[in-house]
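Peer 1: I'd like to ask some things about the structure below.
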Amino acid sequence: MGSDFVDLGVSFFDEDFTLDPFPYLEELYGREEVLGFEADGMKFVFRFDQARQIIRSRVCRRELPEGARIAEREKIYATRYPNRAAFFAHNYTTRPNGPDFTLKKLMMDFLDETAHVADFSGARPVYERLAIKGQEDEYVEAISTLPLRVMLSACGLPFSERELLQLQGAGLDFLKALDNVGDESLLKACDDAVVRVFGYLDERLGEAEPDARVQQLIRKGQGLGIGEETLRYNIAGNLIIALANTAGISSAFVLRTLIRNPEIRRELARQPDLVRNDHVVTELLRRDNHVKALLRYVHEDFDIGPFTLERGEPIYLFFPGLNMDPSLYPEPCAIDLDRKFSGANTLVFGGSAHICIGRKLGIEFVKKMVEGFLEHLPDEVWLEEANTEADGSWVAERIIKKLDVEFE
Ligand code: HEM
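If you're matching positions, the sequence shown starts at 19 in the numbering used here and goes up one per residue.
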């Protein structure tokens, strides 16, 4: 049987789908003849087991298959957008010959260690605003630069407020183009974003103290035989760009979930130890987070049960679908504070070769934000859901732009 993708019935970029995709998928989960959905010319798998097979497979990879139509197109883009191309060539996860796990481990250890010494107190004014009775609709904007601020400080990279905003903007411009393979209009902004992040590093890296964590990272990397230029590209991508796009945005989805579920808020307030529990934070992120869809290329024909993915096909993993697969998570939209996660029942942070390098940092950040929310949110709080705004135009990420939080 050939692979079978059905029309989603709505644009993938529709704001309603971005904000709450489950109702669009609910009926599809039970249809065995369906492998995935198709929208805007892209194909998505959305079930946990099938996505897990793709994630674990050696033939479905992030790197482009030689000779595929899309590889030819990337060659043209590389001449038009050379900074973007250089970035992908040096980034440990997108380089053409597959991930460099030595570099991945180096970056992962660096993020984990830095997360443990990071000072998250800068979050306080942000969630304190949630305690001011009335209306708060600036949360997303207020939180956006916080992860970068916290981590640049923790790793000893100097920055001004202006640079912080520029880096944040560059991070968003870069990621908006990620995996949006059909839209060349985004690539120029992505190329410029790489230049801006490098301009910052050229100017500021040398100002970091010799014992700053970022300098220690570079020395450690060089000791492993990794060149300074490659290390810079990975600091640009896996520290700066990744931080602009992940934990802050996810915390907005977690805030939405907590406001929508007052009984969960009360339970967590009664048992604050639960918030320090990685499983509970993972459950909140399972219900909703910033990750939308990420791409794999099929390098050889690949069977998933009765379906075959054909060589050369680009296939997207639709993470909100996997995270709410009812065959694994009964009542997928509800929060279960007793759920325990293992490699067998979660892909919230992905798995195998591309497992998230910021997992511990993301969990740590969200824990801090949830503690702040519980401390500051009044009991009578709700969302004016009709006023929630999302930017659906991304493929890789789910972005809430505005949450209208109302208080009694
Ligand atoms: C806050 C919650 C977060 C969630 C739910 C999350 C989720 C994910 C997922 C599902 C993947 C796998 C992508 C794939 O299979 O293609 C991933 C990869 C990645 N994440 Fe995260 N992430 C989070 C936070 C972070 C943070 C804080 C950082 C960095 C500072 C980060 C950096 C990355 C990077 C660089 C990758 C690519 C890994 C690779 O391909 O080797 N993430 N993340």
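Using N, Cα and C, we set each Cβ at its ideal position, and we do this for glycine too.
Only a predicted model underlies this, so the values are computations on that prediction, with no experimental measurement involved.
Can you grab the Cα-Cα spacing for the pair Phe359 / Ile94, in whole Å?
Peer 2: The straight-line gap from Cα to Cα measures roughly 43 angstroms.
Peer 1: Mapping the DSSP letters down to three states, classify Val309 as helix, strand or coil.
Peer 2: Of the three classes helix, strand and coil, the one that applies to Val309 here is strand, per DSSP.
Peer 1: Tell me whether Val199 is buried or exposed, calling it buried when 16 or more other Cβ atoms sit within 10 Å of its Cβ.
Peer 2: Burial call: buried.
Peer 1: Would you mind sorting Leu242 into buried or exposed? The rule is 16 or more other CB atoms within 10 Å of its CB.
Peer 2: Exposed is the call here.
Peer 1: Quick check on Gly241: does DSSP put it in helix, strand or coil?
Peer 2: The answer is helix: DSSP assigns Gly241 an H, G or I state.
Peer 1: Buried or exposed for Gln240, please, with buried defined as at least 16 other CB atoms from any protein chain shown within 10 angstroms of its CB.
Peer 2: With fewer than 16 Cβ atoms within 10 Å of its Cβ, Gln240 is classed as exposed.
Peer 1: Please give the ranges of any alpha helix (DSSP H) in the stretch 163–206, keeping only runs that are unbroken, at least 4 residues long and fully inside the region.
Peer 2: Segments of the alpha helix (DSSP H) lying fully in the stretch 163–206: 164–173, 179–195.
Peer 1: Between Asn256 and the ligand HEM, is the CB less than 7 angstroms from at least one heavy atom?
Peer 2: Yes - the ligand HEM has a heavy atom lying nearer than 7 angstroms to the Cβ of Asn256.
Peer 1: Since I believe Val293 is in contact with Val232 (beta carbons under 8 angstroms), could you give me their beta-carbon distance rounded to a whole number of angstroms?
Peer 2: That belief does not hold up - the Cβ atoms of Val232 and Val293 are roughly 30 angstroms apart, past 8 angstroms.
Peer 1: Using the Cβ count rule (16 or more neighbours within 10 Å means buried), how would you classify Gly245?
Peer 2: Its Cβ having fewer than 16 others within 10 Å, Gly245 is exposed.
Peer 1: Taking a contact to mean a Cβ-Cβ separation below 8 angstroms, would you say Asp197 touches Cys208 in this structure?
Peer 2: No.
Peer 1: Taking buried to mean at least 16 other C-beta atoms within 10 Å of its own C-beta, is Glu318 buried or exposed?
Peer 2: Its Cβ having fewer than 16 others within 10 Å, Glu318 is exposed.
Peer 1: Starting from the Cα of Gly59, find the closest Cα among Pro39, Pro83, Asp25 and give me that residue.
Peer 2: Measuring from the Cα of Gly59, the nearest candidate turns out to be Asp25.
Peer 1: Run through the DSSP bridge pairs and tell me what Trp400 is partnered with.
Peer 2: Glu424, per the DSSP bridge assignment.
Peer 1: Which residues bound the alpha helix (DSSP H) around Met60?
Peer 2: Per DSSP, Met60 belongs to no alpha helix (DSSP H); it is in the beta strand (DSSP E), 60–63.
Peer 1: Consider the C-beta atom of Pro176 and the heavy atoms of the ligand HEM; say whether any pair is separated by less than 7 angstroms.
Peer 2: Not so, every heavy atom of the ligand HEM lies at least 7 angstroms from the Cβ.
Peer 1: Checking the sheet assignment: what are the DSSP bridge partners for Pro332?
Peer 2: Note: Pro332 sits in a beta bridge opposite Tyr315.
Peer 1: Around the C-beta of Lys194, are 16 or more other C-beta atoms found within 10 angstroms, so that it is buried, or is it exposed?
Peer 2: Under this definition Lys194 is a buried residue.
Peer 1: So does the stretch 130–143 actually touch the stretch 365–385, counting three or more Cβ pairs closer than 8 angstroms?
Peer 2: A contact exists between the stretch 130–143 and the stretch 365–385.
Peer 1: Return yes when the C-beta of Cys78 is under 7 angstroms from any heavy atom of the ligand HEM, and no when it is not.
Peer 2: No - the ligand HEM has no heavy atom lying nearer than 7 angstroms to the Cβ of Cys78.
Peer 1: With DSSP collapsed to three states, give me the class of Lys419.
Peer 2: Three-state result, Lys419: strand.
Peer 1: According to DSSP, is Ala287 helix, strand or coil?
Peer 2: If DSSP states are grouped into helix, strand and coil, Ala287 belongs with the helices.
Peer 1: Are three or more beta carbon pairs between the stretch 69–87 and the stretch 35–47 nearer than 8 angstroms?
Peer 2: Counting Cβ pairs under 8 angstroms, fewer than three are found: no touch.
Peer 1: With burial defined as no fewer than 16 other Cβ atoms inside 10 Å of the residue's Cβ, what is the status of Val158: buried or exposed?
Peer 2: With 16 or more other Cβ atoms within 10 Å, it is buried.
Peer 1: Which residue marks the beginning of the alpha helix (DSSP H) containing Val24, and which one marks its end?
Peer 2: That residue, Val24, is in no alpha helix (DSSP H); its beta strand (DSSP E) goes 23–25.
Peer 1: Could you tell me which of Val423, Arg214, Glu285, Gly368 sits nearest to Ala69, measuring between CA atoms?
Peer 2: Cα-wise, what sits closest to Ala69 is Gly368.
Peer 1: Regarding Pro290 and the ligand HEM, is the C-beta to nearest heavy atom distance less than 7 angstroms?
Peer 2: Answer for Pro290: no, Cβ out of range of the ligand HEM.
Peer 1: Once DSSP output is grouped into helix, strand and coil, what is the label at Ala414?
Peer 2: Here Ala414 sits in coil by DSSP.
Peer 1: Pairs of beta-carbons, one from the stretch 294–306 and one from the stretch 399–414, closer than 8 angstroms: are there three or more?
Peer 2: These segments do not touch.
Peer 1: Any chance the CB of Ala260 is under 7 angstroms from a heavy atom of the ligand HEM?
Peer 2: Yes; taking the cut-off as 7 angstroms, the Cβ of Ala260 has a heavy atom of the ligand HEM nearer than that.
Peer 1: Decide if Val213 is buried, meaning its Cβ has at least 16 other Cβ atoms within 10 Å, or exposed.
Peer 2: The residue in question, Val213, is exposed, as its Cβ has fewer than 16 Cβ neighbours within 10 Å.
Peer 1: Candidates Arg49, Tyr347, Leu175: which alpha carbon is nearest Ala362's?
Peer 2: Among Arg49, Tyr347, Leu175, the Cα nearest to that of Ala362 is on Tyr347.
Peer 1: Can Met15 and Phe30 be called in contact, C-beta distance under 8 angstroms?
Peer 2: With the chain running from 19 to 426 in the structure shown, residue 15 is simply not present.
Peer 1: What residue range does the alpha helix (DSSP H) around Ala3 cover?
Peer 2: Shown here, the chain extends from 19 to 426; a query on residue 3 therefore has no answer.
Peer 1: Quick one: give me the first and last residue of the beta strand (DSSP E) that Glu393 is part of.
Peer 2: Careful: Glu393 lies outside any beta strand (DSSP E), inside the alpha helix (DSSP H) at 377–394.
Peer 1: Pick out whichever of Phe128, Arg65, Val399 has its Cα sitting closest to the Cα of Leu273.
Peer 2: Of Phe128, Arg65, Val399, the residue nearest in Cα terms is Val399.
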